[in-house]
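One structure below.
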């Protein structure tokens, strides 16, 4: 049996959630992405989002949030300050942080795979879902794979 240690008011059905040791990141209150200490339940920073339904991922420097309306944002992991944002077209699918890149797409094999530079939000390259074509668009591409985290999609 689990013992409840703390609660946090998210104000609606469960949204996107990701955790890493002492940090939790959750889409809450319809318009907020928040950092919560996993030991105490104390909130840290809060950043504005457009919808609580989407995907969360993080790396050592940033927390990334892709909402169901194809808007991707990056906020500073320590402060919640906005780093960059990007509007994407169509359905984008999964979101994963991998070292210096954020990788999205591949949803059911229908959407292209698109790695984005985690520091500046620019596309590194795309790989077509149906024709396996690769187009390079960023000189750095994907380099070092480091510590990363991925949260689930909210329904």
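In the numbering used here, the protein residues as written are 33 to 187.
Note that CB positions come from ideal geometry on N, CA and C, so glycine has one too.
Treat the numbers as computed from the prediction; the structure is a model and nothing was measured.
Could you tell me the alpha carbon to alpha carbon distance between residue 68 and residue 60, rounded to whole angstroms? As a working note, residue 68 is residue 36 in the chain shown. As a working note, residue 60 is residue 28 in the chain shown. Approximately 11 Å between the Cα atoms of the pair.
Reducing DSSP to helix, strand and coil, say where residue 131 ends up. For the purposes of this step, residue 131 is identified with residue 99 of the chain shown, where counting begins at 1. Here residue 131 sits in coil by DSSP.
Limits of the beta strand (DSSP E) - the one that residue 88 falls within: For the purposes of this step, residue 88 is taken as the residue at position 56 of the chain shown. Its beta strand (DSSP E) spans residues 86–90.
Of all the options 134, 115 and 112, which has the alpha carbon lying nearest to the alpha carbon of residue 156? Indexing the chain shown from 1 puts residue 156 at position 124. Per the Cα distances, 134.
For residue 57 and residue 137, the rounded distance between their alpha carbons: In the chain shown, counting from the first residue as 1, residue 137 sits at position 105. In the chain shown, counting from the first residue as 1, residue 57 sits at position 25. The alpha-carbon atoms of residue 137 and residue 57 are separated by roughly 21 Å.
Return the CA-CA distance between residue 112 and residue 74, expressed in angstroms with no decimal places. The residue given as residue 112 occupies position 80 in the chain shown. The residue given as residue 74 occupies position 42 in the chain shown. When rounded, the separation of the alpha-carbon atoms in residue 112 and residue 74 is 15 Å.
Counting only the same chain and skipping the five closest in sequence on each side, list residues whose C-beta sits under 6 Å from that of residue 103. Translated into the one-based positions of the chain shown, residue 103 becomes position 71. The residues are 82 and 119.
Proximal residues to residue 40 (C-beta, below 6 Å), its chain only, five neighbours per side dropped: Taking the first residue of the chain shown as 1, we reach residue 40 at position 8. Cβ neighbours of residue 40 beyond the five flanking positions: 68 and 73.
Go through its chain and collect everything with a Cβ distance to residue 79's Cβ below 6 Å, but skip five positions before and after it. Sequence index remark: in the chain shown, residue 79 carries index 47 (1-based). A distance below 6 Å between beta-carbons, with the five flanking residues on each side excluded, links residue 79 to the following residues of its chain, in chain order: 65, 107 and 112.
So residue 77 is in the beta strand (DSSP E); what residue range does that whole segment cover? The residue given as residue 77 occupies position 45 in the chain shown. Taken as a continuous stretch (DSSP letters only), the beta strand (DSSP E) holding residue 77 covers 75–80.
According to DSSP, is residue 55 helix, strand or coil? Counted from its first residue, the chain shown places residue 55 at position 23. Three-state result, residue 55: strand.
Mind reading off the beta-carbon distance from residue 144 to residue 132? Whole number of angstroms is fine, and I expect it under 8 Å. For the purposes of this step, residue 144 is identified with residue 112 of the chain shown, where counting begins at 1. For the purposes of this step, residue 132 is identified with residue 100 of the chain shown, where counting begins at 1. About 20 Å; that fails the 8 Å criterion.
Given a threshold of 16 other Cβ atoms within 10 Å of its Cβ, counted over all protein chains shown, does residue 128 qualify as buried or as exposed? Your numbering for residue 128 matches position 96 in the chain shown. It counts as buried.
Sort 109, 70 and 52 by Cα distance to residue 77 and report the nearest one. Taking the chain shown and counting its residues from 1, the one referred to as residue 77 is at position 45. When only C-alpha atoms are compared, the closest one is 109.
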